[in-house]
Each structure stands twice: as C-alpha cells, then as structure tokens.
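Per the working numbering, residue 138 is the first one in the sequence shown, and the count goes up by one each step.
Note that beta-carbon positions come from the ideal geometry of N, C-alpha and C, so glycine has one too.
The structure under discussion appears below in the form of structure tokens.
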Amino acid sequence: MTQSTVIPFYGTDIPNDAVINTCVHCGLCLSACPTYRETGLEQFSPRGRIYLMKAVSDGRIGIESDVFQEQMSACLNCRACEAVCPSGVQYGQILESARTQIHNAKVDGTLPPYTASTTAIRSVVFGQLFAKMSLFRAFSRLLWLYQKTGLQWLARKSGIVKALGLAEQEAILPPMSNTFMVPRDQVYPAIGTPKARVALLSGCIMSTAFAHVHSATIRVLQRNGITVVVPRNQGCCGALHAHGGELDSARNLAKQNIEAFGASYDAVIVNAAGCGSTLKEYGHLLHDDTAWADRAAAFSATVRDISEYIAALDVNTADLKPLPMTVTYQEPCHLAHAQRITAQPRALLKKIPGLTLIEMAESSLCCGSAGIYNVTQPELAGQLGNRKITNTMRTNASVVVTANPGCHLQLAGGLRANGSAMKVLHIAEVLDMSYRGAPA
Ligand code: SF4
Ligand code: SF4
C-alpha cells in the first residue's frame, strides 16, 4: 500500500511558526470575523484558518488540501481578528505568506496551475496594470471612453455584461474622469506659516478615478500650513500583490517607492487606508533583505494616514465653515484594524460646525470589498455588502464618509442599487468642503 504524501510549506515566505503558535485558540476573535459571522462555521473563522496553517506546518495536511486553499481565499484579510486578539497574533503576515505559498506552487507546477482565464487576469492585473502606472492610466482612459461614449449603456442594455458574469463588478465601476494626478514632483505650498513638508502617495485608482480626492487632500493640508509634494517615479503601493499572494512583486514595488520618495520629507501622507497600511509594513516586507531592511523600516516610520496626520496637528479650526449635514462613518478595515485609527476621523468630523455624526451599527465590519474579493468570492462579498448597506441606510444620514477607494466603490454601488440618494465622500472631501464653505 502506498502512503499518501502531503506537500509542505517550502521555499521562501513560509508562514512563521512563531506567529502561528502565538494563537492560544481562545476564540475571542470569532465574533469580530465577518466570514464567521456570515457562516457560523469554525473553518471560516480566524482560529479555524490558523489551525489549518498549523496543520500544514506540522505535516498533518499539505498545501494541496482543498479546505486549506479555500479558506486562505475566503478570508478577507480585513484583520479584524488581529485588532481584538489578546495574544497579538499577527494574522495578516501569516495569511499573506500562506497565500504566497499557494501562488508560488501553482506557478512552479507543484500544484495544479490556475485556469487559463485566471492566469491571464493575474498576469494583466498584477503583472501589467498595477505594476506600470502608465498602463494603468491608459486603461483608466479606456474606461472613461467606455462610460462617456455610451458603450457602457449599450453593454448593459444588450445584456453582454450579464452574459459575461460581470454585472456586479461592472456596477461598481467608479464614474471615471479624464483628469489624473500624474506624479511629477509638483509642489503645493503651505498657506500661512509652513509647519512641515510632506510627500503624497498618488497611488493607482486614487490618482485616476479619485484624483479629485487628492486635490481635496492637498487643499486641506495647505490650509493646515503643510507644503505637499507629489514625488515622481512612485507607483502602486503593492497592496493588491501582497494580499493576492505575490509578495515578491510587492517587494519590487516597495523598493521603487522607497527610492522615489527618498528621505527628505517630514511625512509620507496616504489617503487610501489599504495603501497606508501596506506602506507602513514595508519594513516587515523587506526585513530579510539586508540591502533594504533599514531603509524600508525608516520609510515606514514616516507614513501617516491623512486623518491621523491632521488630527495630530494643531488643526486649523478657525477656517472651518458650517456644513449643516448629517453624516455617518464607515471604517475601512485597513484603517481601523491594520492601522488602529478609529478616533481621529471621528474627532475631525466633530470639529466641523453644523455637521452631525450618526454612528452606524457594525461600522468596522468589512463591507466585502477587500481588494478583488468581490471577484474571487462574489457570494460572501454580496452578503457583506448588503449587510453594510442596510446598516448605512438605517442611519438616514445624507452622506457616508469613508477613507478607502474599495469601500467607497462598494458603498456607492450598493446605495445606487438600493435606490438611495445618500452620497459617499472621503473624509478629506468633507474637510475641504468646510474649509471652502462649499454647499453640502
Ligand atoms: S487569533 Fe487570537 S483571539 Fe483568535 S483564537 Fe487565536 S489567540 Fe484567540
Ligand atoms: S482577516 Fe478578517 S476575514 Fe480573515 S480571519 Fe481575520 S477577521 Fe476573519
């Protein structure tokens, strides 16, 4: 009788045993986990997933295990478990390593390869669009043309989008603008006495579909006495690659960004929660690379989310004009859980005269966006999206404020689908409206 063998973790990026063994199986993370809350199943919980990683590490199962691969994919990487874990399990690190193990094994032939369509999508998205910003901008222009020329209307009307199984993904495309923020060492001087000089991460989707949020972010910083530079040669932060099991590609992007930003700024400002948490983790991402480890750690130490940075200043409240509107706040996972920034956005909103903040239920529960989760796990993404929209609409606010493009698109698409007129705004846009005295 032949004994079946299992495929162990191998090569680089093996989930760290010391981190896995930090879990004491207490289960205090279960109620914070969106996939556990939706399914009630242990294997869909953080404890269940850590147990699976431990089982591979101990040789009881291998990376070929269906349940292991399914659960590494079904996790949102929202890190709500990490934020509540009393043992301090660094779950995001081991999850990204486990996903990289699966990805590398599929690429080198140890595991059956991705399907041809998944290989093509991964190669275009990870290898091209999010690796080269010139291509990403060209693609964004095509999307703009698709929307402006009536092709979008035609594609929807003819049913082709539905026939391709892309109706849900297509529905959350942002309304594209043809005005991008291309990083070219632009300098936006401080208003009044300069307090600091910071660099802004332009990013991928933030520099195209959300370029207007960058403009608002810059104006808010200027109003607070901060000079803003947008350094050239910066690129995508690498979050999508790290979360998708392509840690080596994330490392290459990290090095490109560290080089582009240099070391001459008081802070690197980020207005997208997922990008901010990735930049803050470059130190860990490159900790094994002797040529880059110190530079990466020093770079990460300068990274600040926009609300974290502004709230730590002596905020310019004198120029804030009344904004008589009712808002609710949706917490991006990578702001609340990965960066533990929860009080600052609320504190800033409360400084705006006339604005009323109404808390929604489960404000920090993932909205189901999570990078490409609504492509890889459409069912769970849809359930979580509906749950978030229900909680959002129950507040009867006129605006939902957030700070991450994925959440923004998920919320806007869900509200539209439910016939709600509620607007989605980035916190920088709300502050900017108040400074400018713009109508709500
Ligand atoms: S991850 Fe943390 S909270 Fe969850 S079971 Fe393990 S030790 Fe407990
Ligand atoms: S990262 Fe989120 S979805 Fe994944 S196990 Fe932790 S809480 Fe659950």
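With DSSP as the reference, label residue 240 as helix, strand or coil.
Along the sequence shown, read from residue 1 onward, the residue named residue 240 stands at position 103. Three-state result, residue 240: helix.
May I ask you to verify whether the region 451 to 469 touches the region 537 to 555, counting CB pairs closer than 8 Å and requiring at least 3?
Touching, yes.
Examine ligand 2 and report whether any of its heavy atoms sits within less than 7 Å of the Cβ of residue 213.
Residue numbering aside, residue 213 sits at position 76 when the sequence shown is read from its first letter. Yes, ligand 2 has a heavy atom inside 7 Å of this Cβ.
As an exercise, report each continuous alpha helix (DSSP H) stretch of at least 4 residues that is fully enclosed by the region 444 to 504, in chain order.
With a minimum length of 4 residues, the continuous alpha helix (DSSP H) runs that stay inside the region 444 to 504 are 470 to 473, 480 to 488.
Kindly give me the distance between the Cβ atoms of residue 239 and residue 191, rounded to whole angstroms, as I take these residues to be in contact under 8 Å.
Taking the first residue of the sequence shown as 1, we reach residue 239 at position 102. Taking the first residue of the sequence shown as 1, we reach residue 191 at position 54. Not quite, the Cβ-Cβ distance comes to about 16 Å (not below 8 Å), so this is no contact.
Drop a sphere of 10 angstroms on the beta-carbon of residue 139, count the other beta-carbons inside from all chains shown, and report buried for 16 or more, exposed for fewer.
Counting from 1 along the sequence shown, the entry for residue 139 is found at position 2. Caution applies to residue 139, whose pLDDT of 47 falls short of 50 and renders its modelled position unreliable; the model cannot decide the point.
Tell me whether residue 197 is buried or exposed, calling it buried when 16 or more other Cβ atoms sit within 10 Å of its Cβ.
Here residue 197 is taken as the residue at index 60 of the sequence shown, counted from 1. So residue 197 ends up on the exposed side.
Of all the options 371, 345, 335, 341, which has the alpha carbon lying nearest to the alpha carbon of residue 639?
Residue 639 is absent from the model: the chain starts at 138 and stops at 577.
Measuring straight from C-alpha to C-alpha, what distance separates residue 425 and residue 151?
Walking along the sequence shown from the start, residue 425 turns up at place 288. Walking along the sequence shown from the start, residue 151 turns up at place 14. In a straight line, the C-alpha of residue 425 is about 13 Å away from that of residue 151.
Quick test of the definition: if touching needs 3 or more C-beta pairs under 8 Å, does the region 440 to 456 touch the region 482 to 495?
They touch, by the three-pair rule.
Measure from the alpha carbon of residue 548 to the alpha carbon of each residue in 174, 168, 500, then state which is nearest.
Position 411 of the sequence shown, counted from the first residue, corresponds to residue 548. The option with the nearest alpha carbon to residue 548 is 500.
Less than 8 Å between the C-beta atoms of residue 375 and residue 391, yes or no?
Here residue 375 is taken as the residue at index 238 of the sequence shown, counted from 1. Here residue 391 is taken as the residue at index 254 of the sequence shown, counted from 1. It is a contact, given that the beta carbons lie within the stated cut-off.
Please check the pair residue 518 and residue 528, which I expect to be a contact at CB under 8 Å, by giving their CB distance rounded to whole angstroms.
Here the question's residue 518 lines up with position 381 in the sequence shown. Here the question's residue 528 lines up with position 391 in the sequence shown. Contact doesn't hold; Cβ gap of about 16 Å is too wide.
Is any heavy atom in ligand 1 found nearer than 7 Å to the beta carbon of residue 164?
Locating residue 164 in the sequence shown gives position 27, counting from the first residue. Yes, Cβ of residue 164 sits closer than 7 Å to a heavy atom of ligand 1.
From what residue to what residue does the alpha helix (DSSP H) around residue 359 run?
To locate residue 359, count along the sequence shown from 1; it is residue 222. First-last of the alpha helix (DSSP H) with residue 359: 348 to 360.
Applying the 10 Å Cβ sphere with the 16-neighbour rule, what's the burial state of residue 320?
Indexing the sequence shown from 1 puts residue 320 at position 183. Residue 320 is buried by the Cβ-count criterion.
Spatial neighbours of residue 205 within its chain, please: CB distance less than 7 Å, with the 5 preceding and 5 following residues excluded, ordered by chain position.
Position 68 of the sequence shown holds residue 205. Excluding positions up to five away in sequence, the list reads 189, 193, 198.
Span of the beta strand (DSSP E) holding residue 337?
Taking the first residue of the sequence shown as 1, we reach residue 337 at position 200. Segment 333 to 337, the beta strand (DSSP E) holding residue 337.
Do the region 255 to 273 and the region 408 to 419 meet, that is, are 3 or more Cβ pairs less than 8 Å apart?
As far as the Cβ criterion goes, the region 255 to 273 does not touch the region 408 to 419, which means the pair count is below three.
Please report the distance separating the alpha-carbon of residue 363 from that of residue 142.
Along the sequence shown, read from residue 1 onward, the residue named residue 363 stands at position 226. Along the sequence shown, read from residue 1 onward, the residue named residue 142 stands at position 5. For residue 363 and residue 142, the distance between alpha carbons rounds to 60 Å.
By Cβ distance below 8 Å, which residues in the same chain neighbour residue 172 in space, the five residues on each side in sequence not counted?
Numbered from its first residue, the sequence shown carries residue 172 at position 35. Around residue 172: 181, 182, 211, 212, 213, 517.
Just to confirm the assignment, what range does the beta strand (DSSP E) spanning residue 388 have?
Residue numbering aside, residue 388 sits at position 251 when the sequence shown is read from its first letter. Segment 384 to 398 is the alpha helix (DSSP H) holding residue 388; no beta strand (DSSP E) there.
Under the criterion of a Cβ to heavy atom distance below 7 Å, does residue 271 qualify as lining ligand 1?
Looking up residue 271 in the sequence shown gives position 134. Flag unset: Cβ of residue 271 not near ligand 1.
When DSSP builds the beta bridges, which residues end up paired with residue 442?
Position 305 of the sequence shown, counting from 1, holds the residue named residue 442. Paired residues: 407.
Ligand 1 heavy atoms versus the CB of residue 184: any closer than 7 Å?
For the purposes of this step, residue 184 is taken as the residue at position 47 of the sequence shown. Checking every heavy atom of ligand 1 against the Cβ of residue 184, one is found closer than 7 Å.
Which same chain residues end up closer than 6 Å to residue 280 when comparing Cβ atoms and leaving out the 5 residues on each side of it in sequence?
The count along the sequence shown starts at 1 and reaches residue 280 at position 143. Around residue 280: 313.
Could you tell me which residues DSSP pairs with residue 563 in its beta bridges?
Taking the sequence shown and counting its residues from 1, the one referred to as residue 563 is at position 426. Beta-bridge pairing links residue 563 to 539.
When the Cα of residue 475 is compared with those of 502, 462, 427, which residue comes out closest?
Residue mapping note: residue 475 aligns to position 338 of the sequence shown, counting from 1. If we check each option's Cα against that of residue 475, 502 comes out closest.
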